[in-house]
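In the numbering used here, the protein residues as written are 150 to 391.
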């Protein structure tokens, strides 16, 4: 699905959407999630830190929260943050500079399906709330496999739909009614905040996404439910041998 009813490709619309909402993105992201997004990112960082990576790619880095957290918490790690949106990257660069991490966090504009890096460059690839915005999910996952070294891992944090019927109903009311109302008022782009929960509904269920990871070439794929199924952390490993 696409954010807007235009003839542009999904990639073009997603780039335009995040350029538009960038100034309000961090404030809305933390407020509308009641700061739970920060807890989920900390869990991702703890998982990645145990992998002892030297080089990490943070794909769909947005305003850089996860890339910065990785650089802060993992000694000596070098992080490349890649995103479609120029405006999101501009905000990320300001945050990186204010944290004094310019030498350890490098930011670049790019597309998930066509990364301008060599095969086997990274020990870990992270994606925080970005895979559902890929124009071609299968191609994006295959590209992550390509840029990982053999034995390297992908750690993906993404929203999902709770399975408990009562909680799913409550969460659905919040995400489809209240979130677009508040997000639209603050960001001045209600379509963007209607797209975001709708894209969660359309995204593959955890079991199907694990299959997609396997089909892309990952092994030992697993998922960890977060906050009663509102989100999941997915982990996949690139095989040492083809």
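Idealized CB from N, CA, C, for every residue including glycine.
### Query
CA-CA distance, residue 220 and residue 291?
Your numbering for residue 220 matches position 71 in the chain shown. Your numbering for residue 291 matches position 142 in the chain shown. Their Cα atoms are separated by approximately 25 angstroms.
### Message
Within the continuous alpha helix (DSSP H) that includes residue 172, where are the two ends?
### Response
On the chain shown, residue 172 is found 23 positions in, with the first residue counted as 1. From DSSP, the alpha helix (DSSP H) with residue 172 extends over 159–181.
### Message
Classify residue 163: buried if its beta carbon has 16 or more other beta carbons within 10 angstroms, exposed otherwise.
### Response
Counting from one through the chain shown, the residue named residue 163 turns up at place 14. Classification for residue 163: buried.
### Message
Starting from residue 329, trace the alpha helix (DSSP H) in both directions and tell me its first and last residue.
### Response
On the chain shown, residue 329 is found 180 positions in, with the first residue counted as 1. Per DSSP, residue 329 belongs to the alpha helix (DSSP H) from 328–336.
### Query
Comparing alpha-carbon positions, which option in 333, 233, 208 lies nearest residue 159?
Here the question's residue 159 lines up with position 10 in the chain shown. Of the listed residues, the one whose Cα sits closest to residue 159 is 233.
### Query
In chain order, what residues of the same chain have a beta carbon less than 6 angstroms from the beta carbon of residue 366, not counting five sequence neighbours either side?
Mapped onto the chain shown, residue 366 falls at position 217. Residues 294 of the same chain have their beta carbon placed closer than 6 angstroms to that of residue 366, with the five preceding and five following residues left out of the count.
### Query
Touching or not, the region 254–272 and the region 345–363, by the rule of three or more beta carbon pairs under 8 angstroms?
Three or more beta-carbon pairs separated by less than 8 angstroms are not found between the region 254–272 and the region 345–363, which leaves the two stretches without contact.
### As assigned by DSSP and simplified to three states, the class of residue 207
Sequence index remark: in the chain shown, residue 207 carries index 58 (1-based). DSSP, read as helix, strand or coil, puts residue 207 in strand.
### Query
What do you get for residue 150, buried or exposed, if any count of 16 or more other CB atoms within 10 angstroms of its CB means buried?
Taking the first residue of the chain shown as position 1, residue 150 is located at position 1. That one is exposed.
### Task
Go through its chain and collect everything with a Cβ distance to residue 308's Cβ below 6 angstroms, but skip five positions before and after it.
If you number the chain shown from 1, residue 308 lands on position 159. Result list for residue 308: 349, 380, in chain order.
### Buried versus exposed call for residue 156 [16 or more other C-beta atoms within 10 Å across all chains shown]
Numbered from 1 along the chain shown, position 7 holds the residue referred to as residue 156. Exposed.
### Segment limits, beta strand (DSSP E) that includes residue 229
One-based indexing of the chain shown puts residue 229 at position 80. Counting along the chain, the beta strand (DSSP E) containing residue 229 begins and ends at 227–232.
### Query
Based on the DSSP secondary-structure assignment, which residues constitute the bridge partners of residue 274?
Stepping through the chain shown from its first residue, residue 274 is reached at position 125. In the DSSP output, where bridge partners are listed per residue, residue 274 has 206, 303.
### Query
So who's on the other strand from residue 382, going by DSSP bridges?
The sequence position of residue 382 within the chain shown is 233, counting from 1. According to DSSP, which records beta bridges pairwise, residue 382 is partnered with 306, 373.
### Message
Using beta carbons (cut-off 8 angstroms, strictly below), is residue 329 in contact with chain C?
### Response
The structure shown contains no chain C; it holds only a single protein chain.
### Query
Taking DSSP as the reference, what is the three-state secondary structure of residue 156?
The sequence position of residue 156 within the chain shown is 7, counting from 1. The answer is coil: DSSP assigns residue 156 none of H, G, I, E or B.
### Query
Using a Cβ-Cβ cut-off of 7 angstroms (strictly less than) and excluding sequence neighbours within five positions of residue 342, which residues of its own chain qualify?
For the purposes of this step, residue 342 is identified with residue 193 of the chain shown, where counting begins at 1. Excluding positions up to five away in sequence, the list reads 328, 329, 332, 333, 336.
#### Entry: Whole-number beta carbon distance between residue 282 and residue 377, since they are thought to touch under 8 angstroms
Here the question's residue 377 lines up with position 228 in the chain shown. Here the question's residue 282 lines up with position 133 in the chain shown. No, residue 377 and residue 282 are not in contact; Cβ-Cβ is about 24 angstroms, not under 8 angstroms.
### Query
Which residue comes first and which comes last in the beta strand (DSSP E) that contains residue 257?
Your numbering for residue 257 matches position 108 in the chain shown. Residue 257: member of the beta strand (DSSP E) spanning 254–258, first to last residue.
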